[in-house]
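Accompanying notes for the structure given below.
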Amino acid sequence: MRLCALVGVFAVAAFAAPNQGPGDAPDLNRQVAELTALVQKLQQRVEELESRVGPRATPTQTTQSQTSAAQSPPPSSPDPLRGTTVNVLVDGYYGYNANNPIGRVNRLRAYDISSNAFSLNQAAVIVENAPDPDHGKRFGLRLDLQFGQATATLQGNAANEPRPDVYRNVFQAYGTYVAPVGNGLTIDFGKWASAIGIENNYTQDQMNYSRSYWFNFLPFYHMGIRMSYPLTKSVTANYWITNGTQQTEPFNGFKDQLFGLALQPAKNFSWTMNYYLGQEHPNVVFLPGSTQPDLPNEQGLPFLPISPAPKGKLNILDTYASWQATRRLTVGVEGDYVIERLQTTSAPSRVTGGAGYARYQLSPRVAIATRFEYLSDHGGLFSGTTQALKESTVTLEQRLFEGFLIREEWRRDFSDHPFFYTDTVNVLKKEQNTATVGVVWWFGAKKSPW
Numbered sequence: 001m002r003l004c005a006l007v008g009v010f011a012v013a014a015f016a017a018p019n020q021g022p023g024d025a026p027d028l029n030r031q032v033a034e035l036t037a038l039v040q041k042l043q044q045r046v047e048e049l050e051s052r053v054g055p056r057a058t059p060t061q062t063t064q065s066q067t068s069a070a071q072s073p074p075p076s077s078p079d080p081l082r083g084t085t086v087n088v089l090v091d092g093y094y095g096y097n098a099n100n101p102i103g104r105v106n107r108l109r110a111y112d113i114s115s116n117a118f119s120l121n122q123a124a125v126i127v128e129n130a131p132d133p134d135h136g137k138r139f140g141l142r143l144d145l146q147f148g149q150a151t152a153t154l155q156g157n158a159a160n161e162p163r164p165d166v167y168r169n170v171f172q173a174y175g176t177y178v179a180p181v182g183n184g185l186t187i188d189f190g191k192w193a194s195a196i197g198i199e200n201n202y203t204q205d206q207m208n209y210s211r212s213y214w215f216n217f218l219p220f221y222h223m224g225i226r227m228s229y230p231l232t233k234s235v236t237a238n239y240w241i242t243n244g245t246q247q248t249e250p251f252n253g254f255k256d257q258l259f260g261l262a263l264q265p266a267k268n269f270s271w272t273m274n275y276y277l278g279q280e281h282p283n284v285v286f287l288p289g290s291t292q293p294d295l296p297n298e299q300g301l302p303f304l305p306i307s308p309a310p311k312g313k314l315n316i317l318d319t320y321a322s323w324q325a326t327r328r329l330t331v332g333v334e335g336d337y338v339i340e341r342l343q344t345t346s347a348p349s350r351v352t353g354g355a356g357y358a359r360y361q362l363s364p365r366v367a368i369a370t371r372f373e374y375l376s377d378h379g380g381l382f383s384g385t386t387q388a389l390k391e392s393t394v395t396l397e398q399r400l401f402e403g404f405l406i407r408e409e410w411r412r413d414f415s416d417h418p419f420f421y422t423d424t425v426n427v428l429k430k431e432q433n434t435a436t437v438g439v440v441w442w443f444g445a446k447k448s449p450w
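Below is the structure:
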């Protein structure tokens, strides 16, 4: 601005100069003085305006800013699939029973039920999208599809599930919400694996290949709502309300409940305590294939009410702990007390006992594990007859590479009464000895335990 004003003044003066005569010099000097004063005033005014407005962006800078803004992508919305994992497991075995039992059946086994046979324990697909509240993601879900012998053990039959085949291949299916309450209240709704007992379903996370009596006896799964809340960094409270034990669909109107605490006072030590209250007796009987007219039915399956319906309760006290004593040695212990009545005034059936575990890592890929357990079955609640059961197991594990392991296992079951099958009908023995080779393949981004 200042430069333009000065140029204008001198241009006027230069244009006017040739038209002046010698006598007009005083007028010319006066005009130049007036113009100079005017320029100084204009210059002062421009400086005042510039100090108020501040520096202006050049056209080049403005164009670059507009171009950068146009090229910047809009903020992206959260990815709903972030953190999703797809995981696959194949678990098979070959087992041999020294009793050479009829039907090639190993009694009281949850999974390794077949003798002298190549068997598929389970093939599973697990899809999980876990919540991540620390990054603003409070919802999650999990789906476990399962196929093989294990489905017959887990889902069972009409004795514990009105329509077991409807849900046989769905081991777990639940959604999760972490509510912004205090330290974070985790709420699951759906069907999930039971946390009663120290062992669980997926073999690579266990110390042994076979499962204990307690895994086979205690609940496998529940359908309902469970909540978990961390009271402190080392204490978590758990509460469930469910249809029952092994009941995706209930066969009575009672809702079971669990009250539990999980403690981890140190990084290498954990301790869980559970109390479960249930009522595991049906108040209806289903009549598949019945031709009797006008029976009530559920999706075409007729049934009749039981009257009077049994209302005796099931009580489970369960506790277990795990301690990594050294970098190589891990030990575990479990204790259980279970009592159930048919009617509220009936004599109780009672199951008591526990199990001990130890695992030693011989090398990065080789480990050896043992298990010893005792189960007193008073009233036949577990095995169908009153007896005292014991078993001991030794397992050699070889993880040839990540995602593949082989376990060679010797196990001895024994009772104080003849109970185990032999090669002759109605001839039973007090013991059975088995040798098993189990192989497990798995892959997926989900970290253990599954």
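At position 361 of the sequence shown (counting the first as 1) the number is 361 in the numbering used here, and the numbers step up by one without a gap. Ideal Cβ positions, reconstructed from N, Cα and C, are used throughout, including at glycine. Nothing here was measured: the structure is a model prediction, and the numbers come from that model.
Around the CB of Glu391, 16 or more other CB atoms lie within 10 Å, so the residue is classed as buried.
7 Å or more divides the Cβ of Tyr239 from the Cβ of Lys191. The beta carbon of Thr424 lies closer than 8 Å to those of Ile102 in the same chain, with the five residues before and after it left out.
The beta carbon of Asn268 lies closer than 7 Å to those of Trp323 and Gln324 in the same chain, with the five residues before and after it left out.
Nearest neighbour of Val439 by Cα position, chosen from Ser210, Phe254, Ala266 and Ile126, turns out to be Ser210. When DSSP states are grouped into helix, strand and coil, Asn183 belongs to the coil group. In the structure shown, Tyr202 adopts coil according to DSSP, grouped into three states.
Proximity to Pro219 across Asn243, Thr203 and Met207 peaks at Asn243, based on C-alpha coordinates. Beta-bridge partners of Pro293 (DSSP): none assigned. Here the alpha carbons of Asn274 and His378 stand approximately 22 Å from one another. If you look at Phe147, you'll find it in the beta strand (DSSP E) that goes Phe139 to Phe147.
Positions of the beta strand (DSSP E) runs, each at least 3 residues long and wholly inside the region 332-377, are given as 349-363 in order along the chain. Judged by DSSP in its simplified three-state form, Gln264 adopts strand. Comparing C-alpha distances from Gly136 to each of Phe303, Asn116 and Gly184 shows the shortest one belongs to Gly184. Excluding the 5 residues flanking it on each side, Leu81 has same chain C-beta neighbours closer than 8 Å at Asn129, in chain order. A distance of 7 Å or more separates the beta carbons of Thr434 and Asn121.
DSSP places Phe414 in the uninterrupted beta strand (DSSP E) bounded by Phe404 to Ser415. For Val351, the number of other beta carbons within 10 angstroms of its own is at least 16, and it is reported as buried.
Distance from the Cα of Pro162 is smallest, within the candidate group Tyr276, Leu154, Pro250 and Ser119, for Pro250. Taking C-beta atoms as the reference points, Phe419 and Leu428 count as a pair closer than 7 Å.
A distance below 7 Å separates the beta carbons of Val105 and Tyr421.
Every unbroken stretch of the beta strand (DSSP E) spanning 3 or more residues and falling wholly within the region 204-251 is given here in chain order: 221-230 and 235-242.
With distances taken between CA atoms, Pro180 lies nearest to Asp134 out of Tyr174, Asp134, Asn216 and Gly95.
Residue range Gln387 to Phe401 is occupied by the beta strand (DSSP E) that includes Gln387. The three-state secondary structure of Pro310, taken from DSSP, is coil.
As summarised for the region 100-141, the continuous beta strand (DSSP E) elements at least 3 residues long and confined to that stretch are 117-129, given in chain order. Looking at the backbone, the Cα of Gln172 and that of Gly92 are separated by about 21 Å. Thr344 sits exposed, since fewer than 16 C-beta atoms from the chains shown fall within 10 Å of its C-beta.
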